[in-house]
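One structure below.
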Amino acid sequence: MSITIMRRIKFCAGHRLHRHGGKCEFFHGHNYVADFYVTGDVVDDVGRVIDFADLKRLFKGWLDEHWDHGFVLNESDENGLAAVKIVEPCKYYVLPYNPTAENMAAYLLREVCPQLLAGTGVTATKVVLWESEESFAEASLTQSSGSSDTCGFASAGESR
Ligand SMILES: [Zn+2]
Numbered sequence: 005m006s007i008t009i010m011r012r013i014k015f016c017a018g019h020r021l022h023r024h025g026g027k028c029e030f031f032h033g034h035n036y037v038a039d040f041y042v043t044g045d046v047v048d049d050v051g052r053v054i055d056f057a058d059l060k061r062l063f064k065g066w067l068d069e070h071w072d073h074g075f076v077l078n079e080s081d082e083n084g085l086a087a088v089k090i091v092e093p094c095k096y097y098v099l100p101y102n103p104t105a106e107n108m109a110a111y112l113l114r115e116v117c118p119q120l121l122a123g124t125g126v127t128a129t130k131v132v133l134w135e136s137e138e139s140f141a142e143a144s145l146t147q148s149s150g151s152s153d154t155c156g157f158a159s160a161g162e163s164r
């Protein structure tokens, strides 16, 4: 049996969608909500797969350091990166693709969570990233026999 728990972390960040062609190409920001789903096979003698406080420290710590109150931009967006770099002080984070809710959720699940949870005995199996109260993207690991994890998406809403 496996048990999954979820810890929600809120943060604010700016972004824009490179070559979007519409209003999402302007600099703007969101009040994001990230739901981290963490799965373990055993509980400790207290009855936890992992302490919620540990998840808060790890996930909120990473988001506070890297994304909160910063700009998340596409590495191909040279003009946008040049703009944020002239502001003092500046805080920005470069992704290898557009900072859509889909890509940000996948990045958290694939790149960030494995580092943060190494050695804890639990793994992140799903990240749901809310970009607004009406829109989210979900990245999840789906186990397929004999092969490595693949990343799938589900998304809802229209906000970008
Ligand atoms: Zn947006």
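Note that my numbering has the sequence shown beginning at 5, numbered continuously upward. All residues carry an ideal CB built from backbone N, CA and C; glycine is no exception.
(request) Let me know the secondary structure DSSP gives V132 once reduced to three states. (result) For this step, residue 132 is matched to residue 128 along the sequence shown. If DSSP states are grouped into helix, strand and coil, V132 belongs with the strands.
(request) Provide the residue span of the beta strand (DSSP E) that contains M10, from first to last. (result) Residue mapping note: residue 10 aligns to position 6 of the sequence shown, counting from 1. Run containing M10: 7 to 19, per the beta strand (DSSP E) assignment.
(request) Can you have a look at C16 and say buried or exposed, based on whether 16 or more other CB atoms are within 10 angstroms of its CB? (result) The sequence position of residue 16 within the sequence shown is 12, counting from 1. Answer is exposed; the Cβ neighbour count stays below 16.
(message) In whole angstroms, give me the CA-to-CA distance for I54 and G123.
(response) Position 50 of the sequence shown, counted from the first residue, corresponds to residue 54. Position 119 of the sequence shown, counted from the first residue, corresponds to residue 123. Rounded to whole angstroms, I54 to G123 spans 11 Å at the Cα level.
(message) Is it buried or exposed, T129, if we count other Cβ atoms within 10 angstroms and call 16 or more buried?
(response) Translated into the one-based positions of the sequence shown, residue 129 becomes position 125. Flag for T129 reads buried.
(message) By DSSP's criteria, G193 is part of a beta bridge. Which residues make up the other side?
(response) Because the chain is modelled from 5 through 164, residue 193 falls outside the range shown and cannot be assessed.
(request) Assuming G74 contacts K89 (C-beta within less than 8 Å), just tell me the rounded distance between them. (result) Numbered from its first residue, the sequence shown carries residue 74 at position 70. Numbered from its first residue, the sequence shown carries residue 89 at position 85. About 12 Å separates the two Cβ atoms, so there is no contact after all.
(request) Report yes if the C-beta distance between D39 and V132 is below 8 Å; otherwise report no. (result) Within the sequence shown, the letter at position 35 stands for residue 39. Within the sequence shown, the letter at position 128 stands for residue 132. Against a cut-off of 8 Å, the Cβ pair of V132 and D39 comes out as a contact.
(request) Give the range of the beta strand (DSSP E) segment to which G84 is assigned. (result) Locating residue 84 in the sequence shown gives position 80, counting from the first residue. Segment 82 to 89 is the alpha helix (DSSP H) holding G84; no beta strand (DSSP E) there.
(message) I'd like to know whether the C-beta atoms of R20 and V37 end up nearer to each other than 8 Å.
(response) Here residue 20 refers to the residue found at position 16 of the sequence shown. Here residue 37 refers to the residue found at position 33 of the sequence shown. In this structure, V37 does not lie closer than 8 Å to R20 by Cβ.
(message) Is any non-hydrogen atom of ligand 1 found closer than 7 Å to the C-beta of E29, if you look at the structure I gave you?
(response) Stepping through the sequence shown from its first residue, residue 29 is reached at position 25. Not so, every heavy atom of ligand 1 lies at least 7 Å from the Cβ.
(request) Using the Cα positions of W71 and G25, report the straight-line distance between them to the nearest angstrom. (result) Numbered from 1 along the sequence shown, position 67 holds the residue referred to as residue 71. Numbered from 1 along the sequence shown, position 21 holds the residue referred to as residue 25. Cα to Cα, W71 sits roughly 24 Å from G25.
(message) Taking 8 Å as the limit between beta carbons, can you name the residues of its chain near L67, skipping five residues before and five after?
(response) Start at 1 with the first residue of the sequence shown, and residue 67 comes out as number 63. Closer than 8 Å at the Cβ level, and outside the excluded window around L67, lie I13, F15, A38.
(message) Tell me which residues share the same chain as C117 and place their Cβ nearer than 6 Å to its Cβ, disregarding the 5 neighbours each side in the sequence.
(response) Stepping through the sequence shown from its first residue, residue 117 is reached at position 113. The answer, listed in chain order, is A128.
(message) Could you check whether H34 and E135 sit closer than 8 Å to each other, using their CB atoms as the reference points?
(response) By one-based count along the sequence shown, residue 135 stands at place 131. By one-based count along the sequence shown, residue 34 stands at place 30. Cβ distance < 8 Å, so E135 and H34 count as in contact.
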